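First residue of the sequence shown? That's 80 in the working numbering, and the numbers climb one at a time after it.
Even for Gly, the Cβ is constructed at its ideal location relative to N, Cα and C.
All values reported here derive from a predicted model rather than from experimental measurement.
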Amino acid sequence: MDCRPRCAACCIAPSISSPIPGHPNGKPAGVPCAQLDEDLRCRIFGRPERPAVCGSLPPHEEMCGDNREQAMRWLGWMERETAPSQPAG
């Protein structure tokens, strides 16, 4: 499966804990990556400064769904499901 043009859900919805140019402390969930260009394409795709986690998230039908909104929902759900649990307070 190829990336959907002008989607970038995988560059917005998930958090990224490793440094990225423009996000020296990582990227919070729901924040567009600083490396997205005006066409919502990654400026550092294929470059060594691109975090490994980005390369480990290839597009697939379950994640991408039929449209960008479905991809954002699925990735948001995955972010919540994999977040470290908070201690009861």
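Secondary structure of C121 (DSSP, three-state): strand. The beta carbons of A92 and L154 sit closer together than 7 Å. As for any alpha helix (DSSP H) of minimum length 4 sitting wholly inside the region 105 to 162, the runs are 131 to 134, 140 to 143, 147 to 161, ordered along the chain. Nearest to R83 by alpha-carbon distance, out of G125, S96, E140, is E140. Beta-bridge annotation (DSSP): I91 is not paired with any residue.
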